[in-house]
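Q: Please see the structure below; I have some questions.
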Amino acid sequence: MESEAKEPTGVTRGQNAVHVMPLDWSAAERVVATLVDRIDPSRTETQLLVVTADAESATAAADALVHAVADRPIRVVAATASPRAGRLLKTSPAQVVTGAPTELAALLQASALKPESVRGVVFAWLESILETQDGAPLETLLGELPKEGSRTVLAAELTPALEMLIERYARRARRSAEPTGEAAAPLSAEYVATAGTARAATLRRLLDALDLPRAVLYARSETARREALRVARALGYPAEAVRLSTEAAEADADPLVLVELPATREELRALVGTTGRRIYALIQPSQLASLRALLGGGTVAPVALLEAAERARGKDAALRASLRDVLVSGDVRREVLALEPLLAEFDGIEIAAAALRMLEQQRPARPAATATAQNQPMQRLFVNLG
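For our numbering, count along the sequence shown from 1 and bump the result up by 61.
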């Protein structure tokens, strides 16, 4: 009897797959764990490429993969700059490489990345760069990679451009998305945009600005949970006032602060419960679309933190002070006569606001510093070296 062919040990075992989920690597833990399990640690060449939108996303992807790898002998390199990544890969190859299309294509061109060994590709939330210059090298990159192997697509929403990508490079992909179910009432939220590395500082600023006596903090990953609790305790909140939650809400109406985004709309609604909690979210700018999708069509508004609000109030106070000086010390009778007919249609404060807007629009742009330098005559400089 003929022996069956042995299945390859690389990431080739996986079929093409599309996962619709928020732009948050903590929401993709199961997908990442599956991809890491398919890597053969005994082979040092690159087996998995994770294509991201930019350098920051490449770093976040590498961090999630390193966490999933744990103590296994699997090396991960974030190609945030192709010269540095190329030097590292030529010295010591890595089984996993993450990066934007431009950086990965540059590594292939420099022969730092060997395409023949790649057996799996992950397209990680590329909606923002498809059909832009940043996504242009993607076709060149994929043209160099082997056609066999798995293709995994992570997306916050399936845009037409992404559907074209799936049709070309991940055909007949198994799709995993949140079930539609019954239509539920949309939720509303307020958010603060922050960088992933500044999450703790932004949470502190948010708690200062809102001055919440009680709150529920939601975080999925262990790192984010420790970070959030450390901030709450440092600010002096008792354990019963600001508590951590990772599952269904308790029967209270304490505000919900999303340190990380839930993976599904059902998960968010379980956290909100039936008491109508107010929702505040800490998100990266690229996660705004994911937050809107989780809310199901509700309103989304930014939170004005104390520093920004104080700066705005200071600017407005200076404007009022300048107007007060003009009204006290100047003669504005001519301007009053010019504006008086408008009082029959508009309130006086509306006329003043319109005048201020016209002033801002007519304010000339500040000339470039280089323009003056270019208009200056050339000078001769004599240097005596002796």
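Note that CB positions come from ideal geometry on N, CA and C, so glycine has one too.
Mapping the DSSP letters down to three states, classify residue 298 as helix, strand or coil.
A: Position 237 of the sequence shown, counted from the start, is the residue given in the question as residue 298. It is coil, neither helix nor strand.
Q: Got a sec: does the ligand GTP put a non-hydrogen atom nearer than 7 Å to the Cβ of residue 416?
A: Among the components of this structure there are no ligands whatsoever, and the ligand GTP is therefore not found.
Q: Pick from 256, 199, 255, 216: whose alpha carbon is nearest that of residue 229?
A: For the purposes of this step, residue 229 is taken as residue 168 along the sequence shown, with counting starting at 1. Selected option, being the one with the closest Cα: 199.
Q: For the pair the stretch 109-117 and the stretch 149-160, tell me if three or more CB-CB distances fall below 8 Å.
A: At 8 Å Cβ cutoff, the stretches touch.
Q: Thinking residue 97 and residue 139 are a contact (beta carbons under 8 Å), I'd like their distance in whole angstroms, please.
A: Residue 97 sits at position 36 when you count from the first residue of the sequence shown. Residue 139 sits at position 78 when you count from the first residue of the sequence shown. Not really, about 15 Å apart at Cβ, beyond 8 Å.
Q: Return helix, strand or coil for residue 323, following the three-state DSSP convention.
A: Walking along the sequence shown from the start, residue 323 turns up at place 262. DSSP places residue 323 in coil when its eight states are reduced to three.
Q: Hey, out of 288, 338, 274, whose CA is closest to residue 303's CA?
A: Counting from one through the sequence shown, the residue named residue 303 turns up at place 242. Checked all of 288, 338, 274; the closest Cα to residue 303 is 274.
Q: I'd like to confirm the pairing. Which residues does DSSP put opposite residue 179 in its beta bridges?
A: Reading the sequence shown from its first residue, position 118 is the one you call residue 179. According to DSSP, residue 179 bridges with nothing at all.
Q: My guess is that residue 167 and residue 354 are in contact by the Cβ rule of under 8 Å, so how many angstroms apart are they, rounded?
A: Your numbering for residue 167 matches position 106 in the sequence shown. Your numbering for residue 354 matches position 293 in the sequence shown. About 33 Å; that fails the 8 Å criterion.
Q: Is DSSP giving residue 357 helix, strand or coil here?
A: On the sequence shown, position 296 is the one that residue 357 refers to. DSSP places residue 357 in coil when its eight states are reduced to three.
Q: Taking only three categories from DSSP, how would you classify residue 120?
A: By one-based count along the sequence shown, residue 120 stands at place 59. Residue 120: helix per DSSP, three-state reduction.
Q: Please state whether the Cβ-Cβ distance between residue 141 and residue 119 is less than 8 Å.
A: Indexing the sequence shown from 1 puts residue 141 at position 80. Indexing the sequence shown from 1 puts residue 119 at position 58. Closer than 8 Å, so yes.
Q: Let's test the definition: count the other Cβ atoms within 10 Å of the Cβ of residue 61 and tell me whether it reaches 16, buried, or not, exposed.
A: Given that the chain is displayed from residue 62 to residue 447, the structure contains no residue 61 and the question cannot be resolved.
Q: My understanding is that residue 101 touches residue 322, with C-beta atoms under 8 Å, so please give their C-beta distance in whole angstroms.
A: As a first step, residue 101 is located in the sequence shown; it is residue number 40 there, counting from the start. As a first step, residue 322 is located in the sequence shown; it is residue number 261 there, counting from the start. Residue 101 to residue 322, Cβ: 33 Å. No contact.
Q: So the candidates are 378, 419, 150, 344; which of them puts its Cα closest to the Cα of residue 252?
A: Reading the sequence shown from its first residue, position 191 is the one you call residue 252. Looking at the Cα atoms, 344 is the closest of the given residues.
Q: Could you check whether residue 305 and residue 290 sit closer than 8 Å to each other, using their CB atoms as the reference points?
A: Taking the sequence shown and counting its residues from 1, the one referred to as residue 290 is at position 229. Taking the sequence shown and counting its residues from 1, the one referred to as residue 305 is at position 244. Closer than 8 Å, so yes.
Q: So, using beta-carbon positions, are residue 361 and residue 214 closer together than 8 Å?
A: Along the sequence shown, read from residue 1 onward, the residue named residue 361 stands at position 300. Along the sequence shown, read from residue 1 onward, the residue named residue 214 stands at position 153. No, the Cβ-Cβ distance between residue 361 and residue 214 is not below 8 Å.
Q: Quick check on DSSP: helix, strand or coil for residue 41?
A: One cannot answer for residue 41 here, as it falls past the ends of the chain, which runs 62 to 447.
Q: Distance check for residue 232 and residue 74, CA to CA, integer angstroms please.
A: On the sequence shown, residue 74 is found 13 positions in, with the first residue counted as 1. On the sequence shown, residue 232 is found 171 positions in, with the first residue counted as 1. Low per-residue confidence applies at residue 74: pLDDT is 45, beneath 50, and the placement is therefore not dependable enough to give any value.
Q: Relative to the C-alpha of residue 113, which candidate in 83, 94, 148, 185 has its C-alpha closest?
A: Taking the first residue of the sequence shown as position 1, residue 113 is located at position 52. Checking every option, the nearest Cα to that of residue 113 belongs to 185.
Q: With DSSP run on the structure shown, which of helix, strand or coil describes residue 387?
A: Position 326 of the sequence shown holds residue 387. Reduced to three states, the DSSP call for residue 387 is helix.
Q: How big is the Cα-Cα spacing for residue 76 and residue 234?
A: As a first step, residue 76 is located in the sequence shown; it is residue number 15 there, counting from the start. As a first step, residue 234 is located in the sequence shown; it is residue number 173 there, counting from the start. Distance between the alpha carbons of residue 76 and residue 234 is about 7 Å.
Q: Distance check for residue 149 and residue 171, CA to CA, integer angstroms please.
A: Within the sequence shown, residue 171 is the residue found at index 110, counting from 1. Within the sequence shown, residue 149 is the residue found at index 88, counting from 1. Each residue's Cα considered, the two are about 13 Å apart.
Q: Report back the beta-carbon spacing between residue 465 and residue 81 to the nearest angstrom; my notes put them in contact at under 8 Å.
A: Nothing about residue 465 can be read from this structure; the chain reaches only from 62 to 447.
Q: Within 10 angstroms of its Cβ, does residue 338 collect 16 or more other Cβ (buried), or is it exposed?
A: As a position in the sequence shown, residue 338 is number 277, starting the count at 1. Answer is buried; the Cβ neighbour count reaches 16.
Q: Does the distance from the CB of residue 320 to the CB of residue 285 come in under 8 Å?
A: On the sequence shown, position 259 is the one that residue 320 refers to. On the sequence shown, position 224 is the one that residue 285 refers to. The answer is yes: Cβ separation under 8 Å.
Q: Would residue 154 pass as a contact of residue 105 if the rule is Cβ separation under 8 Å?
A: Numbered from 1 along the sequence shown, position 93 holds the residue referred to as residue 154. Numbered from 1 along the sequence shown, position 44 holds the residue referred to as residue 105. Contact: yes.
Q: In three-state DSSP terms, what is residue 213?
A: Walking along the sequence shown from the start, residue 213 turns up at place 152. Here residue 213 sits in strand by DSSP.
Q: Identify which residue in 169, 223, 421 has its Cα closest to the Cα of residue 380.
A: Taking the sequence shown and counting its residues from 1, one reaches residue 380 at position 319. Residue 421 is the option with its Cα nearest to residue 380.
Q: What residue range does the beta strand (DSSP E) around residue 160 cover?
A: Working through the sequence shown from its first residue, we reach residue 160 at position 99. Start and end: 157-160.
Q: Tell me which same chain residues have a C-beta within less than 7 Å of the C-beta of residue 208, skipping the five on either side of it?
A: Here residue 208 refers to the residue found at position 147 of the sequence shown. Answer for residue 208: no residue qualifies.
Q: Can you look up residue 344 in the DSSP assignment and give me helix, strand or coil?
A: The count along the sequence shown starts at 1 and reaches residue 344 at position 283. Residue state, collapsed to three classes: strand.
Q: For residue 117 and residue 163, I'd like the C-alpha separation in whole angstroms.
A: For the purposes of this step, residue 117 is identified with residue 56 of the sequence shown, where counting begins at 1. For the purposes of this step, residue 163 is identified with residue 102 of the sequence shown, where counting begins at 1. Using only the alpha carbons, I get a separation of about 14 Å.
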